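Q: Take this structure first; my questions come after.
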Ligand code: PGA
């Protein structure tokens with residue numbers, strides 16, 4: 001069995017009460033998670049502490065991820081979370097998601113600073129790109145290929161094309177682990193992870209529902 005990374009991205013969703021309900025429901029829907037799957041749950045900053053405590057309490061084999069990090073070191077940066085602060089609670093961080101590139105004007109230059117900060121603090125990085133021509137800073141642990149038109153639309157890339165783009169990304173970037181994101185569901189996850197070059201998936205919408213996310217993990221190998 002090849003190792004897989006499945007990174008759930010809650011985006012800007014859920015209060016503390018919602019998150020607690022999700023965790024309780026999730027553990028009732030899954031008996032165990034196969035050891036070849038690394039689950040990274042990427043939650044808003046406001047939920048990191050609560051989710052961290054609960055996954056320990058429930059003995060869920062989750063790694064915790066944040067969805068953003070400051071491009072600056074700790075200091076006078078109102079409203080920002082420095083990499084050192086993020087690493088206090090999370091092991092992973094998503095950098096370069098297309099929603100941040102588009103809605104928050106994050107340029108390749110800003111993203112490179114975020115990668116540098118995250119790396120320096122010891123965070124593991126999932127770096128998102130929309131295609132195989134976008135630059136990838138060095139020091140990234142996992143790349144997520146996420147075609148913009150497939151995010152939140154219910155339209156996916158074909159597994160074959162995703163496999164081919166991911167093969168190109170691996171060859172160019174030398175990053176050995178590349179996953180696919182964009183409308184991944186419990187129903188289609190196996191078609192992606194069964195492709196030889198695809199090392200996992202990054203589901204957004206499907207991760208918001210504990211039953212669907214549990215089904216996605218269980219279906220990850222058909
Ligand atoms: P989606 O989101 O699964 O809802 O398409 C994926 C992502 O944005 O990372």
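In the numbering used here, the protein residues as written are 1 to 222.
Using N, Cα and C, we set each Cβ at its ideal position, and we do this for glycine too.
Only a predicted model underlies this, so the values are computations on that prediction, with no experimental measurement involved.
For residue 151, verify whether its CB is less than 7 Å away from any heavy atom of the ligand PGA.
A: Here residue 151 corresponds to residue number 151 of the chain shown, with the count starting at 1. Yes, the beta carbon of residue 151 sits closer than 7 Å to at least one heavy atom of the ligand PGA.
Q: Looking at the unbroken alpha helix (DSSP H) that takes in residue 45, where does it start and where does it end?
A: Within the chain shown, numbered from 1, the residue matching residue 45 stands at position 45. Run containing residue 45: 45 to 57, per the alpha helix (DSSP H) assignment.
Q: From the DSSP output, which residues share a beta bridge with residue 124?
A: The count along the chain shown starts at 1 and reaches residue 124 at position 124. DSSP, once it has assigned bridges, lists 92 as partnering residue 124.
Q: Please classify residue 53: is it buried, with 16 or more other beta-carbons within 10 angstroms of its beta-carbon, or exposed?
A: Here residue 53 corresponds to residue number 53 of the chain shown, with the count starting at 1. Exposed, by the Cβ-count rule.
Q: So is residue 28 buried or exposed if we call it buried at 16+ other beta carbons inside 10 Å?
A: In the chain shown, counting from the first residue as 1, residue 28 sits at position 28. It counts as exposed.
Q: Just how far apart, CA to CA, sit residue 61 and residue 30?
A: Within the chain shown, residue 61 is the residue found at index 61, counting from 1. Within the chain shown, residue 30 is the residue found at index 30, counting from 1. Those two C-alpha atoms are separated by around 12 Å.
Q: For residue 38, count neighbouring C-beta atoms within 10 Å of its own C-beta (all shown protein chains included) and say buried if the count is 16 or more, exposed if not.
A: Stepping through the chain shown from its first residue, residue 38 is reached at position 38. Under this definition residue 38 is a buried residue.
Q: Using the beta-carbon count (16 or more within 10 Å), is residue 21 buried or exposed?
A: Indexing the chain shown from 1 puts residue 21 at position 21. When all chains shown are included, residue 21 counts as exposed.
Q: Could you check how far apart the C-beta atoms of residue 108 and residue 63 are, in whole angstroms? I think they sit under 8 Å.
A: As a first step, residue 108 is located in the chain shown; it is residue number 108 there, counting from the start. As a first step, residue 63 is located in the chain shown; it is residue number 63 there, counting from the start. Not confirmed; about 26 Å, so no contact.
Q: Relative to the ligand PGA, is the shortest distance from any of its heavy atoms to the C-beta of residue 146 smaller than 7 Å?
A: The residue given as residue 146 occupies position 146 in the chain shown. Residue 146: yes, Cβ under 7 Å from the ligand PGA.
Q: Whole angstroms is fine: what's the gap from residue 195's alpha carbon to residue 186's?
A: Residue numbering aside, residue 195 sits at position 195 when the chain shown is read from its first letter. Residue numbering aside, residue 186 sits at position 186 when the chain shown is read from its first letter. Between residue 195 and residue 186, the alpha-carbon positions lie close to 16 Å from each other.
Q: Name the DSSP bridge partner or partners of residue 63?
A: Working through the chain shown from its first residue, we reach residue 63 at position 63. DSSP, once it has assigned bridges, lists 40 as partnering residue 63.
Q: In angstroms, rounded to a whole number, what distance separates the CA positions of residue 112 and residue 125?
A: In the chain shown, the residue the question calls residue 112 occupies position 112. In the chain shown, the residue the question calls residue 125 occupies position 125. Taking the straight line from one Cα to the other gives about 12 Å.
Q: So residue 128 and residue 97 are supposed to be a Cβ contact under 8 Å. How far apart are they, rounded?
A: The residue given as residue 128 occupies position 128 in the chain shown. The residue given as residue 97 occupies position 97 in the chain shown. Residue 128 to residue 97, Cβ: 5 Å. Contact.
Q: Can we count residue 202 as close to the ligand PGA, meaning its CB is less than 7 Å from some heavy atom?
A: Here residue 202 is taken as the residue at index 202 of the chain shown, counted from 1. Yes - the ligand PGA has a heavy atom lying nearer than 7 Å to the Cβ of residue 202.
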